[in-house]
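Trainee: Take a look at the following structure, please.
Number of protein chains: 2
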Amino acid sequence: MKEKTRKQYEARAKIAKAMAHPSRLLMLDLLQKQEMCVSELTEEVEADQSTVSKHLAILKDVGLVDVRKEGALSYYRVACGCLSGFFSCIESVLQSDVKDRQATLK
Amino acid sequence: MKEKTRKQYEARAKIAKAMAHPSRLLMLDLLQKQEMCVSELTEEVEADQSTVSKHLAILKDVGLVDVRKEGALSYYRVACGCLSGFFSCIESVLQSDVKDRQATLK
DNA sequence: GCAAGACATGGCGAAATGGCCAATCCGCCA
DNA sequence: TGGCGGATTGGCCATTTCGCCATGTCTTGC
Chain A
18 MKEKTRKQYE ARAKIAKAMA HPSRLLMLDL LQKQEMCVSE LTEEVEADQS
68 TVSKHLAILK DVGLVDVRKE GALSYYRVAC GCLSGFFSCI ESVLQSDVKD
118 RQATLK
Chain B
18 MKEKTRKQYE ARAKIAKAMA HPSRLLMLDL LQKQEMCVSE LTEEVEADQS
68 TVSKHLAILK DVGLVDVRKE GALSYYRVAC GCLSGFFSCI ESVLQSDVKD
118 RQATLK
């Protein structure tokens, strides 16, 4: 395989990897609806504040969220409008898999 | 957070996680165009055959691919039609991130 | 200045992931 | 029935991920 091709798949995988965590999916879901600061997200996610902060750093690193600093607060929001497409794909796999399992049981 | 909600995000994360690997993204890309057997995929991915087989097991487990056995061969193919939506989302994040970096350099 | 609150970062142990080799399983055919 | 090629599974090790604690940075208000 070409080096360039390999790099491309690694870049894509990095983005997918950033989404591949329950807490980060929840955060993306919340941030899609409204921007929130770290302490608000921490309360929703129910994890240590440092943990949430690191999750946000991961999302920010790949460009999935943006930050806006207002005084001491950091407001995060989703940076791309394509997330609904991603979520609906996941949801569709989830649904078809459920159907498969039901079909298998019959 | 409700137990049920947490489980839902975990189920979604499991699917996202299955996609979050360069080799598996490549395989999904190939299998979207045509069904292929393990040895063919092994050649494309350039990894050990057992490694490829395990990657396929992961994709199959979450319902992203299906298998069809023909004699000694196992033909894999993509099981859902929504993958292009997923890929285009990734691609869009990739593009906007590149733009961001260029903008930052100015 | 400094105390307090909001975030970010370093570090560390536990757990999960990824890759290869080796062994096994399975369908086919001599 | 024995052997062979294709595929899966088990085992093992290196690497990465995850989560918390402790600490550092920065802003605000006294």
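Sequence order for the protein chains is A and B.
Heads up: the first sequence at position 57 corresponds to 74 in the working numbering, and the numbers run straight through without jumps.
Heads up: the second sequence at position 89 corresponds to 106 in the working numbering, and the numbers run straight through without jumps.
Even glycine gets a Cβ: it sits at the ideal position worked out from N, Cα and C.
Values in this document were obtained by computation on a predicted structure and should not be read as measured data.
Which runs of the beta strand (DSSP E) spanning at least 3 residues fall entirely within the segment 35 to 108 of chain A, listed in chain order?
Mentor: Segments of the beta strand (DSSP E) lying fully in the segment 35 to 108 of chain A: 82 to 87, 90 to 95.
Trainee: Quick check: is the beta carbon of Gly80 of chain A nearer than 8 Å to any beta carbon in chain B?
Mentor: Sequence index remark: in the first sequence, residue 80 of chain A carries index 63 (1-based). At least one chain B Cβ lies under 8 Å of Gly80 of chain A.
Trainee: Can you list, in chain order, the residues of its chain whose CB lies under 8 Å from that of Gln66 of chain B, leaving out five sequence neighbours each side?
Mentor: Here residue 66 of chain B is taken as the residue at index 49 of the second sequence, counted from 1. Answer for Gln66 of chain B: Val55, Ser56, Thr59, listed in chain order.
Trainee: Within 10 Å of its beta-carbon, does Lys95 of chain A have 16 or more other beta-carbons around it, so buried, or fewer, so exposed?
Mentor: Taking the first residue of the first sequence as position 1, residue 95 of chain A is located at position 78. In the sequence as displayed, the identity of residue 95 of chain A is Val instead of Lys. Buried, since its Cβ has 16 or more Cβ neighbours within 10 Å.
Trainee: I'd like to check one pair, Leu73 of chain B with Leu45 of chain B: are the Cβ atoms closer than 8 Å?
Mentor: Position 28 of the second sequence, counted from the start, is the residue given in the question as residue 45 of chain B. Position 56 of the second sequence, counted from the start, is the residue given in the question as residue 73 of chain B. No. Outside cutoff.
Trainee: Measuring CA to CA, which of B:Gln112, B:Thr68, B:Met18 is closest to Arg41 of chain B?
Mentor: Here the question's residue 41 of chain B lines up with position 24 in the second sequence. If we check each option's Cα against that of Arg41 of chain B, B:Thr68 comes out closest.
Trainee: Counting only C-beta atoms, is Ser67 of chain B closer than 8 Å to chain A at any point?
Mentor: Here residue 67 of chain B refers to the residue found at position 50 of the second sequence. False, the Cβ-Cβ gap to chain A never drops below 8 Å.
Trainee: Below 8 Å between beta carbons: does that hold for Glu61 of chain B and Leu76 of chain B?
Mentor: Sequence index remark: in the second sequence, residue 61 of chain B carries index 44 (1-based). Sequence index remark: in the second sequence, residue 76 of chain B carries index 59 (1-based). No, Cβ-Cβ distance for Glu61 of chain B and Leu76 of chain B is not below 8 Å.
Trainee: Cβ of Ile32 of chain B within 8 Å of Cβ of Leu43 of chain A?
Mentor: Here residue 32 of chain B refers to the residue found at position 15 when the second sequence is read from its first residue. Here residue 43 of chain A refers to the residue found at position 26 when the first sequence is read from its first residue. No, they are not a contact pair.
Trainee: For His38 of chain B, which residues in chain A fall below 7 Å Cβ to Cβ?
Mentor: On the second sequence, position 21 is the one that residue 38 of chain B refers to. Neighbours of His38 of chain B on chain A, chain order: Ala30.
Trainee: Beta carbons nearer than 9 Å to chain B: which residues of the segment 99 to 114 of chain A have them?
Mentor: Those residues of the segment 99 to 114 of chain A that come within reach of chain B (Cβ to Cβ, closer than 9 Å) are Cys99, Leu100, Ser101, Gly102, Phe103, Phe104, Ser105, Cys106, Ile107, Glu108, Ser109, Val110, Leu111, Ser113, Asp114.
Trainee: Using the Cα positions of Lys71 of chain A and Lys116 of chain A, report the straight-line distance between them to the nearest angstrom.
Mentor: Within the first sequence, residue 71 of chain A is the residue found at index 54, counting from 1. Within the first sequence, residue 116 of chain A is the residue found at index 99, counting from 1. Taking the straight line from one Cα to the other gives about 36 Å.
Trainee: Between Met18 of chain B and chain A, is the shortest Cβ-Cβ distance under 8 Å, so that the two count as touching?
Mentor: Taking the second sequence and counting its residues from 1, one reaches residue 18 of chain B at position 1. Output row for Met18 of chain B: interface = yes.
Trainee: Report the residue from B:Asp114, B:Glu87, B:Gln51, B:Ser101 whose alpha carbon sits nearest the alpha carbon of Asp78 of chain A.
Mentor: Within the first sequence, numbered from 1, the residue matching residue 78 of chain A stands at position 61. Of B:Asp114, B:Glu87, B:Gln51, B:Ser101, the residue nearest in Cα terms is B:Asp114.
Trainee: How would you list, in chain order, the residues of chain B whose beta-carbon sits under 7 Å from the beta-carbon of Arg85 of chain A?
Mentor: Counting from 1 along the first sequence, the entry for residue 85 of chain A is found at position 68. Correct list: empty, because the minimum Cβ distance to chain B is about 14 Å.
Trainee: What is the DSSP secondary structure of Lys19 of chain B, counted as helix, strand or coil?
Mentor: In the second sequence, counting from the first residue as 1, residue 19 of chain B sits at position 2. The answer is coil: DSSP assigns Lys19 of chain B none of H, G, I, E or B.
Trainee: On a CA-only basis, which of B:Glu52, B:Ala120, B:Gly98 is nearest Glu87 of chain B? Give me that one, please.
Mentor: Indexing the second sequence from 1 puts residue 87 of chain B at position 70. When each option's Cα is compared against that of Glu87 of chain B, the closest is B:Glu52.
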